[in-house]
Structures are given as C-alpha cells and as structure tokens.
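Numbering (our numbering), first residue to last: 1021 to 1450.
Below is one structure, written out as structure tokens, with a few remarks after it.
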Amino acid sequence: MQTEKQKNVRKWMTVIIVAIAGGLITKLPYLRETYMEPLQQATGATKTQLGLIMSAYGIVNFICYFPGGILADKFSSKKLIIISCVGTALAGFWYWTMPGFIWLVVIHAIFAITTVFTFWAAMVKSVNQLGGPEEQGRLFGALEGGRGLIGTVVAFGSVAVFGMAVDDIGGMKNAILYYSIFLIIAAILAAVFMENDTPQKSAESQKNPLNMKDFMEVAKMPRVWLCGALGICNYSALIFHGYVTAYLSEAFGLSATVVANLSVIRTYFMMMVGAFVAGLISDKIGSRIKFIQYAFIGMAVFATAYVAIPAGKGAVPIIVANFVCYGLCLYSIKALYFSTIDEVLVPKKLAGTASGIISLVTYAPEIFLYTVSGNMVDRYAGTATPLQGYINCFIAMAVLSVIGFISAFVLLKLNKKAIVEAQAAGMVGI
C-alpha cells in the first residue's frame, strides 16, 4: 500500500516523464522550423516540397486525432507512450539516411501515426488520470510548462551537435540522430518509471467494457465540442501571432538579433511561465473554463493594442510590453486545453476520446491557416501599405478572442446546468 507521499512522488514523476516524451516527440517532424536551409541541403528538397511534406503530416494528424482518442481509452497509456517514442525514433533513424522526397513523405506520415494516433491522446489521458477536477489546472500546467522546458533544453542541445559537423548536411544528420536517441531514452524512462494500469482499473474495465455507444456518448456532448471551440480560437490566434516578430522588424526597426531573442522568449519562456501560472490560478479559482474566459479578454485587449500602437522606434517599449502580455494570455490558455475534460464531467474512462475530439477541432487550422495567414501578409508586400497584412492578422486575433470569450461564456452556462443535473442524479465525480 502506497503512502500519500509516495503517491505524490509517483504522480509528479509521471508528469515529468510524460513531459519529457511530449517535449521530444514532435521535434523530428518539425525540424524545418529550426533548420530550414540545412534540411533543404541534406534532403535535396525545395521549400515547396518541404511544405508538401508538412501538409502530408498535418493531414494524417487530422485524420488520427479522433481514432487516437478511442485507442487511448482502449489500451494502456504507458504502453502507447513507449510504442510512440520507439516508433518515432525508428522513423528518425530512417530519416537519418536522407531518402528521396516520396520516402520523406512516407516518413512524415509515420511520424503522424506515432506522434498523434498512438501518442497524443495517451499523453493527455495519462495526466488526466493523475488527479481530480481540483488538480487538473496544476497537472496540465506542469505538463505544458515541462514540455516547453524540455523543448528548450533539447533544442539548444541539437544546435550544439549540429555545430560539431563539418558541413550543414552532416549537422542535419547529427541533429536527427540526437533526437532519435533521446526518444529511445524517453521510452526507457517510461518503461521503468510509469505505472501500469492497476488491477482495480482492469477489473472495472472487464465489468464495464468500453463500446462504441460510450464513445458516441462523448461525441454527442456539446460541452466537449465547446472545449474544442476554445482550443481552435486560441490555436488560430497563435498561428496569426507567428507573424508579429516580422511586424516588429518592419514597423519598429528592431534588429534581426533582437527579433530572434523575442521569438525565443515567445516560443519557450512565455510557454513555460504562462503554463505554470495558468495551472496555479485556474485551480485557485476553481474553474479552468472561467480562467480561459478571463484570458480571452486579455487576448482581445492586447490584440487590439497591436492595431492601435503607432509604428516607429519611439513606441518600441510599449509594443514589446504588449508582445509579452499578449503572449502570456495566449500560452496560458494553450496550457489548459485538456484540463477542461474533468470540469465538463467526462468520465475518466473516456478522457482519451474527449481529448481526441478536442484535438480534432483545435488543431484543424494546421491544414489551411498557415497558407491563409501567409497570403494575408504577402498580399500587401511591395504596396503603399505593406503593414496592412499584419494589421489584418491582429484584427483576426481580436475577433478570435471575442469568439473564444463567447464560447467560454456559453460553456460555463451549459456546464452549470449539467452539474446541477448530475448532482440531482448523484453522478458528480464520475
């Protein structure tokens, strides 16, 4: 029999291991984000071909989210995480050989299977199972913050091993090998330290086995789809916000070095700080949805400020402060996408299916919005109003924030009614 202290140690050790796996597993498919030019040299692919490879990855991802959720509810999260890390590493070793374009597409389709179908919902469910509704904010805040921290550390490590090679092609192969080896290490850590399903859970599963009716019950819950609406509003705004560093350079004259540093701060520092703060505060106020609603107000205000602040070097301190404030609101919501699952009364045994639905809605913009936002900016390049494309992105961010706020408001109303009904039926705590 484990003591409360031992249970807590196990719980946070699981969060750490899952964060390590989660921080590592998407590095290989997203290598182009850090190594665009070297990756072109190593693979011989054009930018268009690299874009097609990522489109293939995004499409297979989209297809895999919902069935991946069902898979997570059917099988052990520990086993799925181990399989995912090993599978991604093996595909990485194949990637290291630098095969032709068609095989690179196949490799990235495999990455989609191992990073989404077998991994994503299993990651979410493994953390969801670790605590009750009152802890979900802290747990998912720690997961997202931990993923950001691990992502930062291993990214700097990959740059170091890249620099050890005599040329960019060798450096690229070093980075791929580096990430593949670390994924094997993550699989070993999961195998050694993560707990298997308990006998009690197994007995319950045998007594009440999951069936398609259970999965469809979750799919018919409007509150789960509204959780996805919160995610898609936030994630779409995140994609648009990716152009803010280019805007800072063009409109405010910031140097490439300063812009690069701000980009690192946005991608890693804000992700970590926003996640940890969101987890603590949302649990403190007792509602992750309510916290998300407040954060959407912040996003709307600071997105509007991007439009209102006049371009020019004199406004640099103001625009940078706005950049930080918006980023913290943005990433605090991102950390809590899946912490709402318990709050909307999804049974623990179906947390994987719920996360699959939320992911399906949230990440749908990956298929088309990068192209749309790029066209929005490019349309005004070389015209009399070259900054208008960026302004349009900021307006879109503000509109998305308002829609997100309204979605959170509606979700809170529906959830309050559902809680009253569940209490009357004696079902709260399922």
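The C-beta atom is built at its ideal place from N, Cα and C for all residues, glycine as well.
Top-ranked residue by Cα proximity to Phe1429, from Gly1402, Gly1071, Lys1310 and Leu1044:
Comparing Cα-Cα distances from Phe1429 to each of Gly1402, Gly1071, Lys1310 and Leu1044, the minimum goes to Lys1310.
Just how far apart, CA to CA, sit Leu1431 and Ile1411?
If you take the alpha carbons of Leu1431 and Ile1411, they lie about 30 Å apart.
Assign Ala1328 to buried or exposed, taking buried as 16 or more other Cβ atoms, counted over all protein chains shown, within 10 Å of its Cβ.
Answer is exposed; the Cβ neighbour count stays below 16.
Three-state secondary structure (DSSP) of Pro1330:
If DSSP states are grouped into helix, strand and coil, Pro1330 belongs with coil.
Beta-carbon proximity list for Ile1037, same chain, < 7 Å, skipping 5 on both sides
Once the five neighbours on either side are set aside, the close Cβ partners of Ile1037 are Leu1209, Ala1210, Phe1213 and Met1214.
Within its chain, find whatever has a CB closer than 7 Å to the CB of Glu1224; leave out the 5 residues flanking it on each side and keep chain order.
Note that Glu1224 scores 47 on pLDDT, short of 50, meaning its location in the model is unreliable and no value can be drawn from it.
Buried or exposed: which applies to Pro1330, given that a residue is buried once 16 or more other Cβ atoms fall within 10 Å of its Cβ?
Exposed, by the Cβ-count rule.
Rounded to the nearest angstrom, what separates Ile1252 and Tyr1267 at their Cα positions?
Taking the straight line from one Cα to the other gives about 23 Å.
By a C-beta neighbour count over all protein chains shown, 10 Å radius and 16 as the cutoff for buried, is Lys1436 buried or exposed?
Counting C-beta atoms within 10 angstroms of its own C-beta, Lys1436 has fewer than 16 neighbours from the protein chains shown and is therefore classed as exposed.
If you run the structure through DSSP and keep just helix, strand and coil, what is Tyr986?
Because the chain spans 1021 through 1450 in this model, residue 986 falls outside it and cannot be assessed.
Just to confirm the assignment: which complete alpha helix (DSSP H) runs, minimum length 4, are found wholly within the segment 1253-1298?
Taking only runs of at least 4 residues, the alpha helix (DSSP H) segments lying wholly in the segment 1253-1298 are 1264-1272 and 1276-1284.
Should Leu1389 and Tyr1085 be called a contact, given that it needs their Cβ atoms to be closer than 8 Å?
In this structure, the beta-carbon distance from Leu1389 to Tyr1085 does not fall below 8 Å.
For Glu1215, is the beta carbon positioned less than 7 Å from some heavy atom of the ligand MG?
In the structure shown, the ligand MG is absent, as is every other ligand, since no ligand is present at all.
Does the segment 1291-1306 come within contact of the segment 1160-1176, defined as at least 3 CB pairs closer than 8 Å?
Verdict: yes, contact present.
What is the C-beta distance between Gly1191 and Ala1141, in whole angstroms, given that I count them as a contact (C-beta under 8 Å)?
Actually they do not touch by this definition, with Cβ atoms about 34 Å apart.
Just the Cα atoms here: how many angstroms apart are Gln1220 and Asp1362?
Unreliable placement is indicated for Gln1220, whose pLDDT of 43 sits below 50; the coordinate value is still reported in the next sentence. Rounded to the nearest angstrom, the two C-alpha atoms are 20 Å apart.
State the DSSP-derived secondary structure class of Leu1197, mapped to helix, strand or coil.
Correct three-state label for Leu1197: helix.
Pull up the distance between the alpha-carbon of Asn1259 and that of Ser1283, whole angstroms please.
Looking at the sequence provided, one finds Ile at residue 1259 rather than Asn. When rounded, the separation of the alpha-carbon atoms in Ile1259 and Ser1283 is 13 Å.
Taking 8 Å as the cut-off, does the segment 1048-1061 touch the segment 1350-1359 (at least 3 CB pairs, one atom from each stretch)?
Touching, no, given that fewer than three Cβ pairs across the two stretches are closer than 8 Å.
Do you know how far the Cα of Val1106 is from the Cα of Gly1064?
The alpha-carbon atoms of Gly1064 and Val1106 are separated by roughly 27 Å.
For Thr1023 and Asn1148, what's the separation of their Cα atoms in angstroms?
Rounded to whole angstroms, Thr1023 to Asn1148 spans 21 Å at the Cα level.
Around the Cβ of Pro1119, are there at least 16 other Cβ atoms within 10 angstroms (buried) or fewer (exposed)?
By the neighbour-count rule (16 or more Cβ atoms within 10 Å), Pro1119 is not buried but exposed.
Any 3 or more C-beta pairs closer than 8 Å across the segment 1064-1083 and the segment 1129-1138:
Short answer: they touch.
To the nearest whole angstrom, what separates the beta carbons of Leu1462 and Thr1034, a pair I think is in contact under 8 Å?
Only positions 1021 to 1450 of the chain appear in this structure, which leaves residue 1462 out of reach.
Indicate whether Arg1243 and Ala1438 have their beta-carbon atoms separated by less than 8 Å.
In this structure, Arg1243 sits near Ala1438, with a CB-CB distance shorter than 8 Å.
Can you name, in chain order, every residue of its own chain whose Cβ lies under 6 Å from the Cβ of Tyr1241, other than the five neighbours on each side?
One point to set straight first is that residue 1241 is Met, not Tyr, in the sequence displayed. Same-chain partners within the cutoff: there are none.
Between which residues of its own chain and Val1336 is the CB-CB distance below 6 Å, once the five residues before and five after are set aside?
Excluding sequence neighbours, Val1336 sits near Phe1272.
Go through its chain and collect everything with a Cβ distance to Ser1222's Cβ below 8 Å, but skip five positions before and after it.
Confidence at Ser1222 is low in this model, with a pLDDT of 43, below 50, so the placement of that residue should be treated as unreliable; the coordinate-derived value is given next. Its chain contains no residue whose beta carbon lies nearer than 8 Å to that of Ser1222 once the 5 sequence neighbours on both sides are disregarded.
Got a sec? Which residues, its chain only, sit under 7 Å from Ser1097 by beta carbon, not counting five neighbours each side?
Excluding residues within five positions, the ones whose Cβ falls inside 7 Å are Ala1142, Lys1145 and Ser1146.
According to DSSP, simplified to helix, strand and coil, what is Met1056?
Under the three-state reduction of DSSP output, Met1056 falls in the helix class.
Put Thr1403 into one of helix, strand or coil per three-state DSSP.
Of the three classes helix, strand and coil, the one that applies to Thr1403 here is coil, per DSSP.
Are the CB atoms of Cys1349 and Ala1315 nearer to each other than 8 Å?
Going by C-beta atoms, Cys1349 is nearer than 8 Å to Ala1315.
Cα-Cα separation, Val1364 to Phe1182
So the alpha carbons of these two residues sit roughly 45 Å apart.
Starting from Tyr1153, trace the alpha helix (DSSP H) both ways and give me its first and last residue.
Checking the displayed sequence, the identity of residue 1153 turns out to be Pro instead of Tyr. Here Pro1153 belongs to no alpha helix (DSSP H), and DSSP marks it neither H nor E.
Quick check: the Cα distance between Phe1139 and Gly1334, rounded to an integer number of angstroms?
The straight-line gap from Cα to Cα measures roughly 47 Å.
CA-CA distance, Leu1434 and Leu1110?
Going by the C-alpha atoms only, they are around 45 Å apart.
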